[in-house]
Amino acid sequence: VLATARAFWQGELPTTRLVARIKEFVRSPRLSLSIAPWTLLVLAAFALATGFRYARLAEVPNEMWSDHAEKILDIIDVLNGSTSIFFTRNAGREPLQFYSTAAAIRWFGAEISFLTLKQVTAAAGLLTLPFLYLFGREIGGRKLGLATMALAGIAYWPNVMSRVGLRAPFFPLLLAPAMYFLVRGLRARSQNHFVLCGLALGIGLYSYTSARLAPAVIGLGVLLYLLHRDSRGHRVEALRWLAVAAVVTVVVAIPFLRVAYQMPEEVFYRTVTRVTEAEVALPGPAIAIFLSNLLKALRMFSWDFGEIWVLAIPFRPALDWVTGGLFHLGVVLLAVRYVKRRNWLDLFLPLSILILLLPSVLALAFPGENPHPSRAGGAIIPVFTIAGTTLVAVAQWGMQAFEGRAGRRIGYGLAGGLFLLTAVGNYSLAVPRYNETVSRGLWNTSELGVVARGFAESVGSFQEIYVVGFPHWLDSRLVAIEAGRPGLDFGIWPEQVDQLVPTSEARMFFLHPLDEASLNRLRELYPDGVLSTHRSQVEGRDFLVFWVPPARVETDGA
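Heads up: the sequence shown begins at 475 in my numbering, then just goes up one per residue.
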């Protein structure tokens, strides 16, 4: 990969200059520090976004679901030396999250836990923001860069996506630099930026399934550039730059492409089952479903974000009402500006959204999965850039409508007031309201884990803990993870209770409150057992604990 990148790199490598500066500093140590007010403003916006990403992270969301059990098992595989390129559990998953989390555990001493999953994905969401700033700055100057980063930093949609501990945030993390290097490369006419674009695209293929459409976004950008007058005299160069990015992408993606060639059923299973009738029959004509899905996806920003309650608050918009207004006004603003100026970037932003929504829209066999907050996560980049465009326009209007210092105060005051309003609303959505929604739907495996751990560390052992299966109840693997024993599975089916080997050790059974059949059988098998009801902090999440004390061992008087 490095050799390919170097082969296409023009001029001096950035590392050469860096090494020279380090040597110069070592020879003559001298340090001077100056921070401009604008830099402080950017850092303040980033700090605010950090607060949003990590606010109450340990408790929001408060519980895992089965997807997290699969993730943790894959991470354990990595820690045990399984260096897979594609993980086949749970319909197949790309590896970047698993290696990143394994690194946090191995190198920084993090625990194998839900909190570690969330910390790593929150960091991925946070590291996306500097590239959003650069992308916005390249599109419309540093004010747009700041507005884009600030709005995305406090927004409910990317914040929830970053804090649930799943793979989705790694896609925007790689897509944002790819889009930035594309625009920067075309505007600066620099092949080196296309090398970097190819690197980001290639690594992105290891992040999330939706990233497989990212090359189409880059191709769209080059196509629009070629069709506009900005490219006059440089069209052949632009095609060469695109070819360079493609070659670098393929070289980076060779391990993934090899796996896709050797086991296509696993790699493309999720896509095939959503787009075709491989799993279930399409509920109607494919074209009609596609158009219906597209309409639903387009209205998700200010109308309805769908019903996937673990990833969003059901049936409310993806954007708060302020940001939603800024976004839709921004689309109109770009359309008017394009008619006047014919700038390809004004067309690129809204059209890229259509491509980035396709991973959600193409759920033809399961239209209820559209809109999908994670699959459409790449759209965060153009959506908040467009919203930022309007926010900057508000400030500019104030400065133009009122002359002098008063105009600046009014312009920046209006923009700042809108931002403050949206920040307050988004925090309420991303933390307390989302937590309230998800808490009502998730099973309280952490509470079972606490009880299980207390039993194992006092009178019993982890080998004698059993979660008796019941329809539509919790994932017993999560109980083991919460008890501090990731990789174990406490689950047992009711018919297996009779098959347990007799032991003199204490035993503990967890049961669903409605599982009377299993409870009666346990009472028959263990007449000395003690039953208690654990009252959950969440209504409707109580569970039964059936404790079997250790058998007494008779000894003679000797």
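For glycine and all other residues, C-beta sits at the position ideal for the given N, C-alpha and C. For clarity, every value in this text was computed on a predicted model and none was experimentally measured.
G852 places its beta carbon less than 7 Å from that of L830. Per the C-alpha coordinates, the member of D704, F668, V905 positioned closest to I692 is F668. With respect to L922, V971 sits apart: the two C-beta atoms are not nearer than 7 Å. Taking a cut-off of 8 Å for Cβ pairs, the segment 684–703 and the segment 857–876 do not touch, as fewer than three such pairs fall below it. C-alpha of A624 to C-alpha of A792: approximately 17 Å in a straight line. Sixteen is the threshold: since fewer than 16 other Cβ atoms of the shown chains lie within 10 Å of the Cβ of N994, the residue is exposed.
As computed with DSSP, V1022 is found in a beta bridge with R981. In terms of Cβ geometry, E612 and R663 do not form a close pair [threshold 7 Å]. Closest in C-alpha terms to S826, from the list I496, V1004, L656, E537, comes L656.
Looking at Y699, P643, Y886, H702, the one whose alpha-carbon comes closest to that of A685 is P643. With a 10 Å radius around the Cβ and a threshold of 16 neighbouring Cβ atoms, E956 comes out buried. Distance from the CA of F876 to the CA of R883, rounded to the nearest whole angstrom, comes to 9 Å. Beta bridge pairing from DSSP links V1004 with W1021. In the DSSP annotation of this structure, the continuous segment of the alpha helix (DSSP H) that includes I761 starts and ends at 760–772.
Annotation: the continuous beta strand (DSSP E) that includes I939 extends over 939–942. The bridge partners DSSP lists for R641 come to none. In this structure, DSSP gives I579 a helical state, which the three-state scheme calls helix. Each residue's CA atom was taken as its position, placing S705 and L687 some 25 Å apart.
Rounded to whole angstroms, the gap between the alpha carbons of V721 and Y735 is 18 Å. Annotation: Y1000 to A752 spans about 48 Å, alpha carbon to alpha carbon. Within the model, the alpha-carbon separation for P488 versus L649 is close to 22 Å.
Bridge partners of I966 according to DSSP: V942.
Taking the CA atoms as reference points, P651 sits about 25 Å from T745. Fully enclosed alpha helix (DSSP H) runs of no fewer than 4 residues occupy 709–736, 738–741, 743–749 of the segment 691–755, in order along the chain. Looking at the DSSP output, F561 shares a beta bridge with R567. In the assembly as shown, A869 is a buried residue. Its beta-carbon has 16 or more other beta-carbons within 10 Å.
Our two residues, C671 and A477, have alpha carbons roughly 16 Å apart in a direct line. For I827, the enclosing alpha helix (DSSP H) covers residues 818–835.
In this structure, Y908 lies near I787, with their beta-carbon atoms less than 7 Å apart. Comparing alpha carbon positions, the residue from P976, R495, L608 closest to R504 is R495. Boundaries of the alpha helix (DSSP H) around H667: 665–678. The alpha-carbon separation between R1015 and V941 amounts to approximately 15 Å.
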